[in-house]
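In the working numbering, the protein residues as written are 1 to 233.
The next block holds one structure in the form of structure tokens; read it before the comments.
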């Protein structure tokens with residue numbers, strides 16, 4: 001075997017061979033896209049994008065930019081208001097004792113007072129109920145309770161929209177979710193539950209503007225139609 005200055009020729013050939021592809025470094029390329037096309041540099045963070053420190057044009061690989069400098073949105077995330085917490089309201093208080101739990105009968109648009117005397121939360125003061133979104137924090141009548149109300153009033157079946165298990169003293173006016181404050185209210189004939197929905201807002205507005213919440217609750221429990229005529233007309 002021929003030797004040159006004592007070194008085997010085969011070793012000289014190896015020394016003259018070009019460096020392996022892995023020898024390339026990011027500094028060998030003008031931008032990120034060029035480095036990505038060559039594919040012969042080390043992927044430092046294993047995300048499939050080579051030489052991320054180089055300027056754009058950027059790589060299209062693995063979600064890279066591709067042609068133009070990547071833009072970063074600085075728009076703030078959509079604001080989501082924190083869900084209001086249910087205030088401390090205390091145990092429901094009925095206007096009188098519930099003396100009947102079966103064989104109840106509505107009196108036109110009015111409930112049976114022996115089954116539905118009306119009830120309120122003592123902690124639902126004007127300061128509390130006048131906060132925006134208050135009623136949503138307390139509205140909680142399970143289907144099982146609604147079924148009990150229908151059963152107590154002897155309603156075994158009904159059409160969709162024919163009745164609504166409604167609060168006699170509305171939540172908006174400090175009423176409670178207890179069964180003593182619930183009755184099956186018909187939509188027709190008027191006044192029905194659609195009209196009572198208007199009373200609920202009017203009652204809250206009256207209490208928030210002029211006070212007298214407990215008196216309004218008593219009037220509503222005694223005859224909500226009379227209160228409706230006065231506040232809504």
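C-beta: ideal position from N, C-alpha, C; glycine also.
Keep in mind that this is a model prediction, so the values were computed, not measured.
| Using the C-alpha atoms, what's the distance from residue 55 back to residue 86? | In the chain shown, residue 86 corresponds to position 86, counting from 1. In the chain shown, residue 55 corresponds to position 55, counting from 1. So the alpha carbons of these two residues sit roughly 54 Å apart.
| task | Can you tell me which of the three DSSP states residue 186 falls into? | result | The count along the chain shown starts at 1 and reaches residue 186 at position 186. In the structure shown, residue 186 sits in a strand (DSSP, three-state: E or B).
| According to DSSP, is residue 133 helix, strand or coil? | The residue given as residue 133 occupies position 133 in the chain shown. Three-state result, residue 133: coil.
| Which residue comes first and which comes last in the beta strand (DSSP E) that contains residue 167? | Your numbering for residue 167 matches position 167 in the chain shown. Taken as a continuous stretch (DSSP letters only), the beta strand (DSSP E) holding residue 167 covers 163-167.
| query | Nearest to residue 172 by alpha carbon, out of 151, 144, 189, 119? | reply | The residue you call residue 172 lines up with position 172 of the chain shown. Residue 119 is the option with its Cα nearest to residue 172.
| field | DSSP three-state assignment for residue 218, whether helix, strand or coil | value | Indexing the chain shown from 1 puts residue 218 at position 218. It is helical.
| request: Inspect the beta-carbon positions of residue 152 and residue 102 and report whether they are closer than 7 Å. | output: In the chain shown, the residue the question calls residue 152 occupies position 152. In the chain shown, the residue the question calls residue 102 occupies position 102. Yes, the pair counts as a contact, with Cβ atoms nearer than the cut-off.
| field | Of the listed residues 137, 117, 104, nearest to residue 89 (C-alpha basis) | value | Mapped onto the chain shown, residue 89 falls at position 89. Minimum Cα distance to residue 89 is reached at 137.
| Test item: CB-CB of residue 208 and residue 130 under 7 Å | To locate residue 208, count along the chain shown from 1; it is residue 208. To locate residue 130, count along the chain shown from 1; it is residue 130. Yes, they are a contact pair.
| request: Taking only the alpha-carbon atoms, compute the straight-line gap between residue 219 and residue 156 and give it to the nearest angstrom. | output: On the chain shown, residue 219 is found 219 positions in, with the first residue counted as 1. On the chain shown, residue 156 is found 156 positions in, with the first residue counted as 1. Going by the C-alpha atoms only, they are around 30 Å apart.
| query | residue 184 and residue 150: beta carbons closer than 7 Å? | reply | Numbered from 1 along the chain shown, position 184 holds the residue referred to as residue 184. Numbered from 1 along the chain shown, position 150 holds the residue referred to as residue 150. Yes, the Cβ-Cβ distance between residue 184 and residue 150 is below 7 Å.
| request: Spell out the partners DSSP gives residue 120 in its beta bridges. | output: Looking up residue 120 in the chain shown gives position 120. Answer is 93, 175, bridged to residue 120.
| said: To the nearest angstrom, how far is the alpha carbon of residue 36 from that of residue 139? | reply: As a first step, residue 36 is located in the chain shown; it is residue number 36 there, counting from the start. As a first step, residue 139 is located in the chain shown; it is residue number 139 there, counting from the start. In a straight line, the C-alpha of residue 36 is about 59 Å away from that of residue 139.
| Can you give the Cα-Cα distance for residue 40 and residue 52, rounded to whole angstroms? | Position 40 of the chain shown, counted from the start, is the residue given in the question as residue 40. Position 52 of the chain shown, counted from the start, is the residue given in the question as residue 52. Between residue 40 and residue 52, the C-alpha separation is close to 14 Å.
| query | Whose C-alpha, out of 221, 211, 190, is nearest the C-alpha of residue 108? | reply | Within the chain shown, the letter at position 108 stands for residue 108. Per the Cα distances, 190.
| query | Alpha carbon to alpha carbon, what distance is there between residue 192 and residue 162? | reply | Counted from its first residue, the chain shown places residue 162 at position 162. Counted from its first residue, the chain shown places residue 192 at position 192. Each residue's Cα considered, the two are about 10 Å apart.
| Got a sec? Which residues, its chain only, sit under 6 Å from residue 212 by beta carbon, not counting five neighbours each side? | Along the chain shown, read from residue 1 onward, the residue named residue 212 stands at position 212. So no residue of the chain qualifies.
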